[in-house]
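The next block holds one structure in the form of structure tokens; read it before the comments.
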Amino acid sequence: MKRTAKQSDSKFQVNFSLPPLRKASYAKNSSSGSSPSSSIQDIRPTFLIARVFGLAPYAITNSSINVSKRGILYSVPWLGFYLYALYNRLNLYTHSDLETKFRILSVTRTALAVIALLVDLVVCTFRDDRFQNALDCVRKYDLAVKYDVETNARLMRIHSWTIYSFMITYYLAIGWFTYVDEPYEGVMAAVIYVYLYLPLSIAVMKFVALITSILLRFRHLHRMLLPGFLSIMMELDSEPKRLHLRDVCWLHSCLCAAAANVNSLYSLQLMLWFANLTFNTISRINDFGQPQNSIDAFKLARDAGLVLIFVTLVFFIAGVCHVTSTQANKVGAVVFSPGSRYFRSRVVDHQDKEDKFYIGQYFALHPLHFSAASGFFQINLSLLLKIAGAMTTYLVILKSPSNC
């Protein structure tokens with residue numbers, strides 16, 4: 053029994069190694085200037101913006117990212133600012149005349165944001181190898197199928213710059229509301245609100261951009277499986293060959309490995325982001341009903357704006373993880389569906405018949421799921437319902453009278 057399993061595993065590895073596909077693709081594309089940058093181009097704007105706020109101390113080349121001394125030195129002042137923001141809030145609200153509950157909520161919000169930023173900076177600096185592994189897996193896919201990087205990267209860059217321009221303008225408006233309303237140190241409070249929560253949002257969008265890049269390739273893989281898609285014929289050594297089932301499985305495993313590396317890198321940050329964003333949302337919604345804030349229009353506008361963008365970020369994280377895992381897990385269903393090109397084709401070679409059993413096992417036993425805190429909870433749309441229920445419960449607790 054042990055020997056049989058070993059033989060099956062050996063056969064599985066042979067079927068999915070694809071040496072002709074990888075070798076021919078790399079040899080042909082290594083001389084061109086565009087293909088090696090395939091895994092970098094679409095996420096380059098995100099890394100540039102993150103680097104401005106000290107969250108990406110990398111030297112970015114056409115095919116790799118590496119932690120640079122210059123990037124680390126640039127991140128040190130931002131690290132000091134984040135710590136000073138926490139000290140400032142602690143010192144300010146310790147000596148203020150606000151109610152104890154509001155002082156605790158304010159300090160906790162700032163502390164969670166600072167911790168999330170520091171953890172993201174430290175983890176991404178010391179675990180940059182996982183970034184590189186994810187980019188290498190995506191690059192293998194791009195070179196193998198001749199992914200149209202230029203068109204897709206151009207669209208993603210336009211969307212990225214549009215989103216980041218809006219976010220910067222949005223947070224500047226929040227900073228202005230804070231400057232007008234804040235009774236203590238208006239300028240410093242506005243600076244802290246802008247340069248603390250804007251980098252936090254950029255850190256979240258960095259993860260979203262990486263997963264979105266993988267999602268686009270999963271959708272491209274789906275289109276490759278449909279009959280009539282022209283790119284199912286790949287040219288290897290100037291000889292057109294059909295895309296085999298084992299090729300589909302190898303391409304799928306490349307993208308899943310990239311997603312798993314990104315998820316592993318951001319596992320702790322995801323938990324901190326959800327805790328930070330939901331706590332900020334709960335505490336600021338709680339402020340809406342306070343009598344002293346009923347005529348404070350600028351404070352209400354600031355808190356409402358922060359609640360809106362924090363809820364949006366939570367939807368972004370849960371939405372992109374849910375859609376990406378759904379697209380990845382649908383590849384097996386598409387491959388073995390009656391409308392698949394493999395069932396429509398009357399010519400099926402012996403190798404494809406042998407591969408079907410192993411490929412069916414692969415898709416059934418290796419689903420893609422995103423999780424936080426090393427599997428503490430899965431990230432999907434159903435998580436939003438749990439978060440909404442928890443927020444409602446905590447709001448009831450916060451709204452309860454102090455003297456009860």
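In this note's numbering, the protein residues as written are 53 to 456. Beta carbons: idealized from backbone N, C-alpha and C, even for Gly.
Ranking 253, 414, 207 and 249 by CA distance to the CA of residue 93 puts 207 first. Sequence-distant Cβ neighbours of residue 327 in its own chain, meaning closer than 7 Å and more than five residues away, are 164. A check of alpha carbon separations from residue 219 across 257, 417, 126 and 112 identifies 257 as the nearest. Distance from the CA atom of residue 101 to the CA atom of residue 408, rounded to whole angstroms, is 45 Å.
Contact between residue 188 and residue 118 is ruled out by a C-beta separation of about 13 Å, above the 8 Å threshold.
Residue 184 places its beta carbon 8 Å or farther from that of residue 274. Boundaries cannot be given for residue 95, as no beta strand (DSSP E) includes it and DSSP labels it neither H nor E. Per the coordinates, the alpha-carbon of residue 166 lies some 28 Å from the alpha-carbon of residue 434. The Cβ atoms of residue 310 and residue 197 lie no closer than 8 Å to each other. Judged by pairs of C-beta atoms under 8 Å, the region 368-387 touches the region 415-431, as three or more such pairs exist. Nearest C-alpha to residue 193 among 157, 263 and 305: 305.
When only Cα atoms are considered, residue 234 and residue 214 end up about 30 Å apart. Under the three-state reduction of DSSP, residue 362 is assigned to helix.
Assigned with DSSP and collapsed to three states, residue 318 falls in coil, not helix or strand.
Burial of residue 330 is indicated by the presence of at least 16 other C-beta atoms within 10 angstroms of its C-beta. C-alpha of residue 300 to C-alpha of residue 416: approximately 15 Å in a straight line. In this structure residue 199 is in contact with residue 269, their Cβ atoms being roughly 7 Å apart against a cut-off of 8 Å. Within the same chain, Cβ atoms closer than 7 Å to the Cβ of residue 337 are found at 359 and 447, the five residues on either side in sequence being excluded. Counting along the chain, the unbroken beta strand (DSSP E) around residue 111 starts and ends at 110-112. In this structure, residue 223 places its C-beta atom within 8 Å of the C-beta atom of residue 250. About 5 Å separates the Cβ atoms of residue 255 and residue 107, confirming a contact at the 8 Å cut-off.
Distance check between residue 425 and each of 372, 276 and 321 places 321 closest, using alpha-carbon atoms only.
Taking a C-beta distance under 8 Å as the contact criterion, residue 205 and residue 227 do not qualify as a contact pair. Taking residue 307 as the centre and dropping the five residues before and after it, the same chain places the C-beta of 189, 190, 193, 266, 269, 270, 273 and 380 closer than 8 Å to its C-beta, in chain order. In the DSSP assignment, residue 119 forms a beta bridge with 110.
Sequence-distant Cβ neighbours of residue 350 in its own chain, meaning closer than 7 Å and more than five residues away, are 229, 232 and 233.
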